[in-house]
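Trainee:
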Amino acid sequence: MRRIWRHSLTRFCLLGMVGFGFDLALLALLKAVTPLPVWAAVSIAFWVTYALNFVLNRYFAFHAQDRPVGPQVLRFVAQVLGDYALTLGAVEGLHALGVPLLVARIAAGGTNLVWNYLLYRFWTFGAPRGDAERAGRQDADRPAEEPERVAAHQ
Numbered sequence: 006m007r008r009i010w011r012h013s014l015t016r017f018c019l020l021g022m023v024g025f026g027f028d029l030a031l032l033a034l035l036k037a038v039t040p041l042p043v044w045a046a047v048s049i050a051f052w053v054t055y056a057l058n059f060v061l062n063r064y065f066a067f068h069a070q071d072r073p074v075g076p077q078v079l080r081f082v083a084q085v086l087g088d089y090a091l092t093l094g095a096v097e098g099l100h101a102l103g104v105p106l107l108v109a110r111i112a113a114g115g116t117n118l119v120w121n122y123l124l125y126r127f128w129t130f131g132a133p134r135g136d137a138e139r140a141g142r143q144d145a146d147r148p149a150e151e152p153e154r155v156a157a158h159q
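All residue numbers for the sequence shown refer to our numbering, where the first residue is 6 and numbers rise by one.
#1: Please list the terminal residues of the continuous alpha helix (DSSP H) segment that includes residue 129.
#2: Might you give, ordered along the chain, the residues of its own chain that have their beta carbon closer than 7 Å to the beta carbon of residue 85, omitting 5 neighbours on each side?
#3: Let's see if you can read the secondary structure: which residues bound the alpha helix (DSSP H) around residue 58?
#4: Closest to residue 130 by CA distance: which of 38, 43, 67 is it?
#5: Along the alpha helix (DSSP H) that carries residue 37, what are the first and last residues, could you check?
#6: Three Cβ pairs or more, each shorter than 8 Å: is that satisfied between the stretch 114-134 and the stretch 16-34?
What follows is the structure in structure tokens.
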């Protein structure tokens, strides 16, 4: 079980579920209590949620808080702008076809899951080439070898 939890994909998915639940709840709240058009409600919920996701993923999924935040924010913003365009287009298009708003948002979110994980892992929060090796750090996604295994191979 510990081995599964150590992998960033597991933490990313769990944090993604929390973030997506927050996104949907905020979107539903905005539509219920404001006169905002769909694009505005989707946009507000999206950007608030992604700010939360940045912090959660930086600290808990990818343990990247020891690296400079500035370059991470710039890569994150570039990534999220693409994600935002895809999300807004998909939600507006599906909703115009009669798909309920929250169902359209779920469909749009699901299409971006794999893309976002790969970009977060290897680009947004990834260590610059050679940094992990120079610092003697181990890849967070590769569990440390157990001492008895290491001894058996010597």
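In this text, a Cβ means the ideal position worked out from N, Cα and C, and glycines have one as well.
Mentor: Result, derived from the coordinates:
#1: Indexing the sequence shown from 1 puts residue 129 at position 124. Element bounds for residue 129: n/a, residue is neither H nor E.
#2: Along the sequence shown, one-based indexing puts residue 85 at 80. Excluding sequence positions up to five before and after residue 85, its CB lies within less than 7 Å of the CB of 55, all in the same chain and listed in chain order.
#3: Against the sequence shown, residue 58 aligns to sequence position 53. 43-61 is the extent of the alpha helix (DSSP H) around residue 58.
#4: By 1-based counting over the sequence shown, the position of residue 130 is 125. Considering only alpha carbons, the answer is 67.
#5: On the sequence shown, position 32 is the one that residue 37 refers to. First-last of the alpha helix (DSSP H) with residue 37: 13-38.
#6: yes
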